[in-house]
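Residue numbers (our numbering): 0 to 486. Every residue gets a Cβ at the ideal spot worked out from N, C-alpha and C, and that includes glycine. Have a look at the structure below, then the notes.
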Amino acid sequence: MTKAKIAILVLALSLQTSSAVRQTPAAKTITLKDCEIQGVGKAKCGTLEVYENRATKKGRMISLNILVLPATGQKREPDPLVYFAGGPGSAAASEDAPGIAQEFAKIREHRDLLFVDQRGTGKSHPLNCEFYNPADPQSYLGYFFPLEDVRKCRPQLEAVADLKLYTTTIAMDDMDEVRAALGYEQVNLFGGSYGTRAALTYLKRYPKRVRTATLQGVAPTNSHMPSDFPINNERALQGVIAECAADEACNKAFPNLKEEAKAVLAQLIKGPVEVEVRKPNSTERAKVKLSRDLAAEAIRYMLYSPVPTSRMPLVIHLAAQGNFVPLAETAIHYRIHIVGSGGNGMYLSITCAEDLPWIKPGEGELMATNTFLGDYRLRQQREACALWPRAEIERDYHEPVRSDVPVLMLTGEWDPVTPPSNGDAVAKTLTNSMHIVVPHGAHSFGGLENAGCILNIVTDFVERGTTKGIDTGCVKTIRRRGFALKF
Numbered sequence: 000m001t002k003a004k005i006a007i008l009v010l011a012l013s014l015q016t017s018s019a020v021r022q023t024p025a026a027k028t029i030t031l032k033d034c035e036i037q038g039v040g041k042a043k044c045g046t047l048e049v050y051e052n053r054a055t056k057k058g059r060m061i062s063l064n065i066l067v068l069p070a071t072g073q074k075r076e077p078d079p080l081v082y083f084a085g086g087p088g089s090a091a092a093s094e095d096a097p098g099i100a101q102e103f104a105k106i107r108e109h110r111d112l113l114f115v116d117q118r119g120t121g122k123s124h125p126l127n128c129e130f131y132n133p134a135d136p137q138s139y140l141g142y143f144f145p146l147e148d149v150r151k152c153r154p155q156l157e158a159v160a161d162l163k164l165y166t167t168t169i170a171m172d173d174m175d176e177v178r179a180a181l182g183y184e185q186v187n188l189f190g191g192s193y194g195t196r197a198a199l200t201y202l203k204r205y206p207k208r209v210r211t212a213t214l215q216g217v218a219p220t221n222s223h224m225p226s227d228f229p230i231n232n233e234r235a236l237q238g239v240i241a242e243c244a245a246d247e248a249c250n251k252a253f254p255n256l257k258e259e260a261k262a263v264l265a266q267l268i269k270g271p272v273e274v275e276v277r278k279p280n281s282t283e284r285a286k287v288k289l290s291r292d293l294a295a296e297a298i299r300y301m302l303y304s305p306v307p308t309s310r311m312p313l314v315i316h317l318a319a320q321g322n323f324v325p326l327a328e329t330a331i332h333y334r335i336h337i338v339g340s341g342g343n344g345m346y347l348s349i350t351c352a353e354d355l356p357w358i359k360p361g362e363g364e365l366m367a368t369n370t371f372l373g374d375y376r377l378r379q380q381r382e383a384c385a386l387w388p389r390a391e392i393e394r395d396y397h398e399p400v401r402s403d404v405p406v407l408m409l410t411g412e413w414d415p416v417t418p419p420s421n422g423d424a425v426a427k428t429l430t431n432s433m434h435i436v437v438p439h440g441a442h443s444f445g446g447l448e449n450a451g452c453i454l455n456i457v458t459d460f461v462e463r464g465t466t467k468g469i470d471t472g473c474v475k476t477i478r479r480r481g482f483a484l485k486f
C-alpha cells in the first residue's frame, strides 16, 4: 500500500477552505424499516442515496447501508452512539453490530446505536478484491496484496466506481448527511483503530455535531501506515517477552524466549522453511513454504489481542524447536480473516492517498532496521499503490485536530500498531481529553482479567458527556490471565 500518475480529484472548495468550517448540506430524510439482525433481534434498517462525487453533485449515485438499534429503555436521549469500524475496510460497521450491541448494552438503554457502512464496504457500494486462491494454501503466504490480482481488480472496480472518491474525508461527509437525514442534532462517536481516524476526521469537519468521542487504539491522520509498523511491533513484542520472563510459569516453560525469538528470525532470514499444514476448511494437509515476512506478520497479528498474545511465547518456542506448523497455520489464518477479507479496494484507495505518498524515501526502511517485522509491508504496499489511482486530499488533512469536545482515548500497553505515544500526541490538541493506557492491553482488550472496567468507564463517559469526574481506579486491577504453556 513505482509511482502512479497522480489523478486529480476535483475538490476545489475543500482544498481552499479549512475543513473545520465545513457546512452541513440541506438534510434529506430516510425512512427506516423494521428488520431482524442475527445476534441482535429487532432493528431499523434503511439506505441513503448520495452522490459518489460529492464535490460536483453529478453522475453516479451510491447507496449507503444504515442500521439503527433503537434505545431499549424508557428514557431515550437524543444523541446516538455512532460506531466507526476499523481497517480501513476490514469490516463493515453493520457487520460488527451484534458485538457492539452486546458490549454497549448499558449505553443502548438510553441511546440509539447507529451503524453506517462506510462507502466502499459492506452494503455501501463495496470495493472488494479477490487476492488469494482458497484451493492453494501457499497463495496466502505470498505478497500482502499480490500485484497481478491488484492489476485485475482495478479495471473490474473502475467499471462501477471512481476509485479516487473513497477517501476518509468524503466518507465522513456521507456520515454527516446520514446524521442530518435521521434528525440527530449531535452524536457520540466511537471508533477503533482506523475508526479513530474516521472519528477524528469527522470531529475536525463537524465539531458542533459531536457531543463526545471515544477512541480505542488511536490512529491519527499524521501517522502514515505502515511506516511505523516495525518499531511499534518491536516495542510490543519485547514488552510481552519481558512479561513472560516476569511470569513464574511462563519463564519456567520458556526460560530462553528472547534468544529463541532471535533464533527463529535468524533461521527464516536464511530462507523459507517447508511446513506441512492443514488446508483451510479441510481435513487435508499440504506442504507450504513459510517466509520470514509471513512469520513476522503472524506474530504481529497475534499481538493484536490478549488471547492470541498469551499463546505467542509457545508458538515462538515451538518454532525454535523446529516445529513451524503453529506459526504457519497462524499466518494463513490471519491472511484469510484480516488481510483477505473486507473492502480491499477501499483499503487501497485510502492508504494510497492518505498514507503511502507521505512516507519519505528511506524513512520507513530506516525505522524497520533490526526489527522482527522488517520493511516488507512498506515495500509491498508501495508496489500495490503504484498500480492504483491516487486521490488528492485536503491541505489540512494531516494537521492535528484541535477541539474542546470531550474525548476519551484508550490504548493497550502493548498495542503493536497504535502505541500509547499516539494517544499522548493527539491529546496535546484536545483540551478536554483523557487518555487511559490499559495494563497488558493490546490493540483490543478482550480476554484480560477485569477488562469490563473499560466498558464501565466508556459507559460513564458517554452518560456524563465529560471527562470530569470519571473514576478510573479499576484500571489498575486489569491483569493478563497468564500465558498458554501448551496447546
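Task: Assigned exposure category for Pro-136 - 16 Cβ within 10 Å defines buried - done: Buried, by the Cβ-count rule.
- [ ] Please determine, among Lys-286, Lys-269 and Pro-271, the residue with the shortest C-alpha to C-alpha distance to Arg-277.
- [x] Closest by alpha carbon: Lys-286.
TODO: Specify, as a first and last residue, the run of the beta strand (DSSP E) that Glu-275 falls within.
DONE: Where Glu-275 is concerned, the enclosing beta strand (DSSP E) stretches over 272-277.
- [ ] Would you please state the rounded distance, in angstroms, between the beta carbons of Thr-167 and Glu-353? I believe it to be under 8 Å.
- [x] That belief holds up - the Cβ atoms of Thr-167 and Glu-353 are roughly 6 Å apart, short of 8 Å.
Task: Beta carbon of Ala-96 nearer than 8 Å to that of Phe-114 - done: Closer than 8 Å, so yes.
- [ ] Return the first residue and the last residue of the alpha helix (DSSP H) that Arg-284 is part of.
- [x] Segment 284-289 is the beta strand (DSSP E) holding Arg-284; no alpha helix (DSSP H) there.
- [ ] Return the CA-CA distance between Leu-372 and Leu-293, expressed in angstroms with no decimal places.
- [x] In a straight line, the C-alpha of Leu-372 is about 9 Å away from that of Leu-293.
Task: Glu-176 versus Thr-46: straight-line alpha-carbon distance, rounded - done: Distance between the alpha carbons of Glu-176 and Thr-46: 12 Å.
Open item on the list: Ignoring anything shorter than 4 residues, give me the alpha helix (DSSP H) runs that lie fully in the stretch 221-249, in order along the chain.
Closed with: Runs found: 228-245.
TODO: Could you name the residues of the same chain whose beta carbon sits closer than 6 Å to that of Thr-195, not counting the 5 residues immediately before and after it, in chain order?
DONE: Same-chain partners within the cutoff: Leu-214, Val-217 and Ala-218.
Task: Segment limits, beta strand (DSSP E) that includes Gln-215 - done: Element bounds for Gln-215: 209-215.
TODO: Return the first residue and the last residue of the beta strand (DSSP E) that Ser-432 is part of.
DONE: Secondary structure note for Ser-432: its beta strand (DSSP E) is the uninterrupted segment 432-437.
TODO: Kindly list the residues whose CB is nearer than 7 Å to the CB of Met-366, restricted to its own chain and excluding five residues on each side of it in sequence; keep chain order.
DONE: Same-chain partners within the cutoff: Ser-226, Asp-227, Pro-229 and Ile-230.
Task: Which listed residue (Val-81, Ala-441 and Arg-478) has its alpha carbon closest to that of Ile-487 - done: The question about residue 487 has no answer, for the chain in this structure spans 0 to 486.
Open item on the list: Taking only three categories from DSSP, how would you classify Arg-299?
Closed with: Looking at Arg-299 - three-state DSSP - the assignment turns out to be helix.
- [ ] Starting from the C-beta of Gly-422, find all residues in its chain whose C-beta is less than 6 Å away, skip the five residues before and the five after it, and write them out in chain order.
- [x] Cβ neighbours of Gly-422 beyond the five flanking positions: Val-217, Met-408, Thr-410 and His-434.
- [ ] Tell me whether the beta-carbon of Pro-77 lies closer than 8 Å to the beta-carbon of Tyr-183.
- [x] Yes, they are a contact pair.
TODO: Enumerate in chain order the residues of its own chain whose CB-to-CB distance from Thr-30 is below 8 Å, with the five nearest sequence positions on each side excluded.
DONE: Here the set comprises Gly-45.
Task: Every unbroken beta strand (DSSP E) inside the stretch 41-115 [3 residues or more] - done: DSSP assignment within the stretch 41-115 yields the following whole beta strand (DSSP E) runs of 3 residues or more, N-terminal first: 60-68, 80-83 and 112-115.
TODO: Give me the Cα-Cα distance between Ile-571 and Thr-350, rounded to the nearest whole angstrom.
DONE: Because the chain here runs from 0 to 486, residue 571 falls outside it and cannot be looked at.
- [ ] Could you spell out the range, first to last residue, of the alpha helix (DSSP H) harbouring Cys-128?
- [x] It is not in any alpha helix (DSSP H) - Cys-128 carries neither H nor E in the DSSP assignment.
Task: Given 8 Å, three or more beta-carbon pairs between the stretch 474-481 and the stretch 444-463 - done: Under the 8 Å Cβ criterion, the stretch 474-481 counts as touching the stretch 444-463, having at least three qualifying pairs.
Task: For Cys-34: DSSP bridge partner residues - done: In DSSP, Cys-34 forms a bridge with Ala-42.
Open item on the list: Between which two residues does the beta strand (DSSP E) holding Val-406 run?
Closed with: 406-411 is the span of the beta strand (DSSP E), which, as asked, contains Val-406.
- [ ] Select from Ala-319, Thr-471 and Pro-418 the residue whose C-alpha is nearest the C-alpha of Pro-254.
- [x] Considering only alpha carbons, the answer is Ala-319.
Task: According to DSSP, residues forming a beta bridge with Ser-402 - done: Ser-402 pairs with Leu-429.
- [ ] Reducing DSSP to helix, strand and coil, say where Asn-187 ends up.
- [x] In this structure, DSSP gives Asn-187 an extended state, which the three-state scheme calls strand.
- [ ] Under 8 Å by Cβ, that's how I've got Ala-235 and Pro-419 pegged, so tell me the actual separation to the nearest angstrom.
- [x] With a Cβ gap of about 11 Å, Ala-235 and Pro-419 do not count as contacting.
Task: Selected residue, minimal CA-CA separation from Gly-58, among Glu-48, Leu-313 and Asn-64 - done: Taking only the C-alpha atoms, the option nearest Gly-58 is Glu-48.
- [ ] Measure the beta-carbon distance from Ser-348 to Ala-295 and round it to whole angstroms, keeping in mind my assumption that it falls under 8 Å.
- [x] The Cβ separation is near 26 Å, so there is no contact.
- [ ] Pick helix, strand or coil for Arg-394, following the three-state DSSP scheme.
- [x] If DSSP states are grouped into helix, strand and coil, Arg-394 belongs with coil.
- [ ] Could you work out which residue in Asn-187, Gly-361, Cys-34 and Thr-211 is closest to Asp-403 when comparing CA atoms only?
- [x] Answer by Cα proximity: Thr-211.
Open item on the list: Which of the three DSSP states is assigned to Arg-118 in this structure?
Closed with: In the structure shown, the three-state DSSP call for Arg-118 is coil.
TODO: Would you list the one or two residues that DSSP bridges to Glu-448?
DONE: Paired residue(s): Arg-478.
- [ ] Assess, as a yes-or-no matter, whether the stretch 454-463 is touched by the stretch 101-109 under the definition of 3 or more beta carbon pairs within less than 8 Å.
- [x] Three or more pairs of CB atoms, one per stretch, sit closer than 8 Å, so the stretch 101-109 contacts the stretch 454-463.
Task: Under the three-state DSSP convention, the category Ser-309 falls into - done: Here Ser-309 carries a helix assignment [DSSP, helix/strand/coil].
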